[in-house]
Every structure is written in C-alpha cells, then in structure tokens.
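Residue numbers (numbering that gives the first Met the number 0): 0 to 186.
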Amino acid sequence: MKKKLTFAAALLAASVLGGMANAKQLVYCSEASPAGFDPSPWSGGNDFDASSRTIYSRLVEFEHGKTTITPGLAESWTVSDDGLEYTFKLRPGVKFQTTDYFTPTRDLNADDVIFSFERQWKKENPWFDYLAGTGWEYFAGMGFPDLLKEIVKVDDLTVKFVLNKPEVAFLPDLGMDFASIVSKEYA
C-alpha cells in the first residue's frame, strides 16, 4: 500500500511539474491547417479560426453568439442621414504585436484601416496581387468593390467610408472576417 501511495504521489508531481514546464507553449488543435494567417485572401473556416478570430480585430464585432454589433477597433461611429457616409472614431492606444521580425513604431491609426480595405479593392495598390493565385473573394462576394466610393482619413483616429449607394448591411459586413484590420507599417 505504501508503494502505491508513493508511486501515485510521484506520478502526480511529475504531471504537475511537466505541465509547468510547458506553461509558455500554446498548442492549438484544428480540423485542418490554415492556408495562411492573413484573414482577407482566404475564406475557409479553419483560416478564420486560426487568424481573424484569434489574432486580428475589426472596426466592429459581433456580440458572442449573437448578431448584435458592438464596438471593436472603432469606439463609436455615426451614419449620415442618407446612409452614404459611415464615420468611425478609432479606439486610441491600440497596438500591433511586436515579433522577432517586426516592431511597430506607432499605434493603430486611420492609415491601417484604409490600407486594409484598399489592398482588397484597388488594383493599383501594390498589395492587391501580393499572393499569386489568391484573390479577395470574400470582399468581392460581399459587393464591396461596387459599394465603396472612397475611404477618407479625417484625422489619425477618424476614418470615413463613403458609399455609392445606401447598404443596410454595411455595418454588420464590417464585422466579418475579411474586414480584419492589418498594419500598413508591417506591410
């Protein structure tokens, strides 16, 4: 009996100490490998699970498990009476992550928001074709190329989307994975 208790105690100690040794390692199980970690050019669920929903944020988000829109990177927004202009006030102090190969020199600003959409929208943008064989299917499928007229930087923390026509689903569309905001500085 004493040997069994000693063995059980040793096994418990090894389990606890072994778990502590790996405390800084994250193991993520997924049904498939993501095609990439940029959430805009890929549209598979496993791509979103591995990137846009875990790494990136959007101007607006969906309340978990609901279709209610909540503030994300934008702390507030206004919509013009004619439904053609959406003005977003960005949350101050939002930082991009520092890695071994990128150290941001500034906080998130309107340039990042504009870059995140123009790389999917404007063919003259140098990042439009940065991945051979991919496209911006989600962006195009949501009708954004025809919907957007312009995106204007009002100031560092304010960005305005001007539409060609009113679109009742525009705000919820900005909570979708393809609308994740990436760093222009990193690009």
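Built from N, CA and C at the ideal position, the CB exists for glycine as well. These numbers come from a predicted model, not from an experiment.
Roughly how many angstroms separate the alpha carbons of residue i and residue j, rounded to a whole number?
i	j	result
Ser96	Trp126	First, the amino acid is wrong: residue 96 is Gln here, not Ser. Those two C-alpha atoms are separated by around 21 Å.
Asp155	Glu166	26 Å
Thr69	Asp176	15 Å
Glu60	Gly71	5 Å
Leu147	Asp81	15 Å
Gly64	Ala178	19 Å
Glu117	Ala168	20 Å
Val153	Glu30	42 Å
Val112	Trp76	14 Å
Trp120	Lys164	17 Å
Would residue i pass as a contact of residue j if the rule is Cβ separation under 8 Å?
i	j	result
Phe143	Tyr85	no
Arg90	Leu173	no
Ser115	Ile180	yes
Phe101	Val158	no
Leu83	Leu162	yes
Just reading off the alpha helix (DSSP H) that residue i is part of, what are its end residues?
i	result
Asp176	Asp176 -> no alpha helix (DSSP H), and no H or E assigned at all.
Trp120	109 to 120
Phe127	No alpha helix (DSSP H) contains Phe127, which DSSP labels as neither H nor E.
Tyr137	136 to 140
Kindly list the residues whose CB is nearer than 6 Å to the CB of residue i, restricted to its own chain and excluding five residues on each side of it in sequence; keep chain order.
i	result
Leu107	Val93
Gly132	none
Checking the sheet assignment: what are the DSSP bridge partners for residue i?
i	result
Thr104	Note: Thr104 sits in no beta bridge, so no partner.
Pro91	BP columns for Pro91 are empty, so no partner.
Pro38	Pro38 pairs with nothing; no bridge assigned.
Val59	Pro70
Tyr85	Val78, Phe160
Span of the beta strand (DSSP E) holding residue i?
i	result
Leu147	147 to 154
Glu74	73 to 78
Val161	157 to 162
Within its chain, find whatever has a CB closer than 8 Å to the CB of residue i; leave out the 5 residues flanking it on each side and keep chain order.
i	result
Thr67	Phe61
Arg105	Glu184
Examine chain C for any beta-carbon lying closer than 8 Å to the beta-carbon of residue i, and answer yes or no.
i	result
Ala73	Looking for chain C here will not work: only one protein chain is present.
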